[in-house]
Every structure is written in C-alpha cells, then in structure tokens.
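Colleague: Just so you know, the protein sequences line up as chains A and B, in that order. Per this note's numbering, the very first residue in the first sequence carries number 14; after that it's consecutive. Per this note's numbering, the very first residue in the second sequence carries number 14; after that it's consecutive. Using N, Cα and C, we set each Cβ at its ideal position, and we do this for glycine too.
Number of protein chains: 2
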Amino acid sequence: MSRWEPNARGRLEQAALELYIERGFEQTTVAEIAKQAGLTERTFFRHFADKREVLFWGAGALRELLVSTVADAPESAAPIDAIAAALEATGGLFQERRESVLRRQSIIAANAELRERELIKLATLASAMAEALRRRGVTDPAASLAAEAGIAVFRIAFERWVTDTDQRDLSHHIRESLVELKTVLADR
Amino acid sequence: MSRWEPNARGRLEQAALELYIERGFEQTTVAEIAKQAGLTERTFFRHFADKREVLFWGAGALRELLVSTVADAPESAAPIDAIAAALEATGGLFQERRESVLRRQSIIAANAELRERELIKLATLASAMAEALRRRGVTDPAASLAAEAGIAVFRIAFERWVTDTDQRDLSHHIRESLVELKTVLADR
Chain A
14 MSRWEPNARG RLEQAALELY IERGFEQTTV AEIAKQAGLT ERTFFRHFAD
64 KREVLFWGAG ALRELLVSTV ADAPESAAPI DAIAAALEAT GGLFQERRES
114 VLRRQSIIAA NAELRERELI KLATLASAMA EALRRRGVTD PAASLAAEAG
164 IAVFRIAFER WVTDTDQRDL SHHIRESLVE LKTVLADR
Chain B
14 MSRWEPNARG RLEQAALELY IERGFEQTTV AEIAKQAGLT ERTFFRHFAD
64 KREVLFWGAG ALRELLVSTV ADAPESAAPI DAIAAALEAT GGLFQERRES
114 VLRRQSIIAA NAELRERELI KLATLASAMA EALRRRGVTD PAASLAAEAG
164 IAVFRIAFER WVTDTDQRDL SHHIRESLVE LKTVLADR
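1. Is the region 136-143 of chain B close to the region 69-76 of chain B, with three or more CB pairs under 8 Å?
2. Check whether the region 78-91 of chain A touches the region 125-135 of chain A, taking contact to mean three or more Cβ pairs, one atom from each stretch, closer than 8 Å.
3. Among B/Ser184, B/Phe57 and B/Thr152, whose alpha-carbon lies nearest the alpha-carbon of B/Ile169?
4. I want to verify the contact list: residues of chain A whose CB lies under 8 Å from the CB of B/Ala136, in sequence order.
5. Can you find a CB in chain A that lies within less than 7 Å of the CB of B/Leu197?
6. Assuming A/Lys48 is part of the alpha helix (DSSP H), what are its boundary residues?
7. Check whether the Cβ of A/Pro154 lies closer than 7 Å to any Cβ atom in chain B.
8. Counting Cβ pairs closer than 8 Å, one from the region 140-149 of chain B and one from the region 160-167 of chain B, do we hit at least three?
9. So with Cβ pairs under 7 Å, would you call A/Leu158 a contact of chain B?
10. Quick one: does B/Glu161 have its CB under 7 Å from some CB of chain A?
11. Using a C-beta cutoff of 7 Å, does A/Glu126 count as contacting chain B?
12. Please list the terminal residues of the continuous alpha helix (DSSP H) segment that includes A/Trp174.
13. Once the 5 residues before and after A/Tyr33 are set aside, which same chain residues still bring their CB inside 6 Å of it?
14. Quick one: which chain A residues come within Cβ less than 8 Å of B/Ile121?
15. At the level of alpha carbons, what is the spacing between B/His186 and A/Ala156?
16. Run the CB neighbour count on B/Pro92, radius 10 Å, all protein chains shown included, and call it buried at 16 or more, exposed below.
17. Among the residues of its own chain, which have a CB less than 8 Å from the CB of B/Arg188, if the five just before and after it don't count?
18. Can you name, in chain order, every residue of its own chain whose Cβ lies under 8 Å from the Cβ of A/Lys195, other than the five neighbours on each side?
19. Leaving out five residues on either side along the sequence, give the residues of the same chain with a beta carbon under 8 Å from the beta carbon of B/Thr53.
Here's what the structure looks like:
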C-alpha cells in the first residue's frame with residue numbers, strides 16, 4: 014500500500030525542472046528526480062511515463078483548449094479568427110505558470126531532441142485545430158492554412174513573450190504577431 | 014581495392030525505395046538493400062550513413078537552392094515574394110524526379126518516425142530561409158513569419174501536387190496556395 018503523497022506530481026515536476034537546468038536533461042536520472050522531490054522512483058512512474066513526459070504532459074490539455082475554443086467560436090467567425098481566439102485562450106494557462114514555463118523553455122532550447130519533440134507537439138496542435146475547423150465546415154486548404162498560420166503566429170508570439178522585459182501577456186503578443194503576419198502577406 | 018560501380022548511389026536509392034514500399038521501412042535492412050541493388054553493404058555505407066539517409070540526403074541541396082534564391086531576389090522584392098520565388102524554384106527539382114518523390118512520400122506517410130523527421134527537415138528549411146531574409150536586412154518577426162508562412166504554403170502545395178490528377182506542376186500549386194493563405198488572412 015502506498016502512502017498518500019501530497020502534491021507528488023507538482024513536487025516531481027519542480028524537482029525535474031531544477032535538475033534539468035542544473036545538470037542538463039540528458040544527465041539527469043529519474044532516481045535523482047525522485048530523491049530531490051523526497052519521493053520514490055515508483056511514485057515518479059505513477060505520474061510520468063519517463064523523464065521527457067515531465068516536460069510534455071501539458072500538451073493534451075492545451076490541445077483540448079484549442080479544439081474546444083475553435084468549436085465554440087461564433088458561427089460567423091472567419092477561420093483565422095477562430096484560430097486566433099483559440100490561441101489567445103491559452104494565454105492564461107501560460108501566464109499563471111510563467112516561471113515554470115520559462116524554465117521549461119530554457120531546458121528545451123538547450124537540447125536538440127527536446128526541440129524536435131516540441132516541434133512535433135506544435136505540428137500535432139496545428140492538425141488538431143485544422144480538424145476542428147473542418148468540423149465547422151471549413152474546407153481545405155483554408156482549414157490547414159489557417160491552422161498552420163496560427164501555429165507560426167503562436168511560435169513567434171511565445172518567443173517574444175518569453176523575452177519580453179515589459180512582461181506583457183501572451184495574448185497581447187499573439188494579437189500583435191497575427192497583425193504582423195497579415196502585414197507580411199498583404200500585397201503591396 | 015573496390016570496383017567502380019556505375020551509378021551505385023542511384024541503384025541503392027532505387028532498391029531502397031522499392032523495399033521500403035514492399036516490406037516497410039522498419040522491416041528493411043541495409044543488407045537487403047545492397048543485395049537488391051547488386052552491391053555490397055560496404056558500398057551502401059560509402060554513400061549513405063544509414064537507411065534513413067536514403068530518404069533525406071536531398072535536404073542539403075534543397076536548403077541551398079532556397080537560401081540562394083532568397084539571396085538573389087531583387088532588392089525591391091517583399092520578404093514573402095522572395096520566399097515564394099525560392100519555393101517555386103524548387104519545383105523543377107521535384108518535377109524531374111516525380112516518380113521517386115511520390116514513392117518517397119508514401120514511405121514517409123506510412124511511418125511515424127519518418128513523418129517526424131520530415132517535419133524537422135521542414136522546420137530547418139524555414140530557419141534557413143528566415144536567416145537568408147535577415148541577411149537581406151529583413152528584421153524579425155517579419156523574417157520568421159514570412160519563412161514559416163512559406164513552409165506552410167509549401168506543405169499544402171506539396172500535398173496537392175502529390176494527389177493532383179491533372180499533374181499541374183508544383184510551382185502552380187505553390188502560387189495557388191499562397192493566394193489562398195493571403196485570402197485566409199485577409200480581413201473581411
């Protein structure tokens with residue numbers, strides 16, 4: 014019978030982020046993470062499949078939020094506006110965990126395998142949003158193009174949010190980057 | 014001393030594509046590829062680092078063509094027009110090898126690891142084009158946004174080219190997809 018460990022998941026995540034930053038992702042073992050959190054490896058594996066999952070478990074919630082926001086957009090909303098609404102809706106998720114998000118970001122930036130995994134996650138989110146648009150009756154290629162453009166906007170906005178010394182929120186950067194993409198694509 | 018093998022590389026590539034389609038990428042060994050091509054494993058490894066590289070060796074040439082076309086665009090060209098010119102310039106490369114490209118595509122579509130590798134390749138091409146724009150004096154985020162938008166256009170155009178029963182060329186689909194992206198992003 015296992016003891017109930019209050020907030021084991023949060024403690025493990027915290028410990029993992031600290032160690033990944035201190036020693037590097039590759040160099041950190043699950044045993045070390047568990048030890049740092051004052052828990053057992055067994056507890057770690059009840060919460061995470063492996064040490065990479067500590068960095069990617071949030072992708073499912075993100076996808077659901079994006080998909081449901083696209084689905085709930087007013088019928089009259091243009092595809093790109095439904096996508097923009099979905100991206101902006103994620104702002105709060107990142108904002109409230111800003112410190113963890115920034116640490117996670119620096120860990121991912123430092124490791125090629127993790128950067129690749131992050132790219133794949135973003136591509137999966139683009140596919141999920143395109144599918145949500147198609148369920149609204151948007152045909153391809155408009156559905157795929159709007160979703161891909163949205164993810165491009167999100168990536169740029171996210172980078173700017175991470176480095177923004179004025180700490181404006183992510184939604185602000187999403188709106189601004191979307192305007193910039195429109196400008197880049199406008200015929201002169 | 015090794016015998017000179019005429020067109021060893023082409024024969025190995027041809028044999029690999031055939032086997033990947035027949036048996037699946039995972040199930041095919043380098044020994045089988047070499048045997049099918051009438052060559053030795055040693056010859057295989059003189060041309061390719063591993064069996065995956067048979068599918069990705071063209072990425073370097075593609076990148077160079079994209080980067081040099083962006084660099085050579087007229088000074089007055091808008092960033093997105095320099096990107097569009099670069100993407101269209103690749104049309105010929107794909108067109109002249111259409112049969113191999115289609116086979117490669119079906120192999121990649123059937124394997125999750127290869128699909129991921131292809132995504133990463135495209136992201137690398139986007140970064141290279143963004144960098145080429147920055148060398149033209151385009152600032153960020155415009156440089157990154159134009160390059161990412163270009164890759165989104167390319168992906169959609171490529172899919173349509175692959176399935177186009179009228180066999181219109183890739184450049185046609187790139188121009189058409191870019192117009193569609195502009196429409197998706199136009200304010201109504």
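Modeller: Taking the definition as stated:
1. Taking 8 Å as the limit for Cβ pairs, the verdict is that the region 69-76 of chain B does touch the region 136-143 of chain B.
2. By the Cβ criterion, the region 78-91 of chain A is not in contact with the region 125-135 of chain A, since fewer than three pairs of Cβ atoms, one from each stretch, lie closer than 8 Å.
3. If we check each option's Cα against that of B/Ile169, B/Ser184 comes out closest.
4. Neighbours of B/Ala136 on chain A, chain order: Leu132.
5. A small fix is needed here, since residue 197 of chain B is Val in this sequence, not Leu. Cβ-Cβ to chain A under 7 Å: yes for B/Val197.
6. Counting along the chain, the alpha helix (DSSP H) containing A/Lys48 begins and ends at Val43 to Ala50.
7. For A/Pro154, the nearest CB of chain B lies under 7 Å from its own CB, placing it at the interface with that chain.
8. Judged by Cβ distances under 8 Å, the region 140-149 of chain B makes contact with the region 160-167 of chain B, as three or more pairs qualify.
9. With 7 Å as the cut-off, A/Leu158 counts as an interface residue toward chain B.
10. At a cut-off of 7 Å between beta carbons, B/Glu161 contacts chain A.
11. Taking Cβ atoms only, chain B never reaches closer than 7 Å to A/Glu126, which makes this a no.
12. Here the alpha helix (DSSP H) through A/Trp174 covers Ala155 to Thr176.
13. Contacts found: Thr41 and Ile120.
14. At a C-beta separation below 8 Å, B/Ile121 has no neighbours in chain A, since its nearest C-beta there lies roughly 14 Å away.
15. Those two C-alpha atoms are separated by around 16 Å.
16. By the neighbour-count criterion, in which 16 or more other beta carbons inside 10 Å mark a residue as buried, B/Pro92 falls on the buried side.
17. Shown here for B/Arg188: same chain residues with a beta carbon closer than 8 Å to its own, the five before and five after excluded, namely Ala97 and Glu101 in chain order.
18. The beta carbon of A/Lys195 lies closer than 8 Å to none in the same chain, with the five residues before and after it left out.
19. Correct list, in chain order: Ala47.
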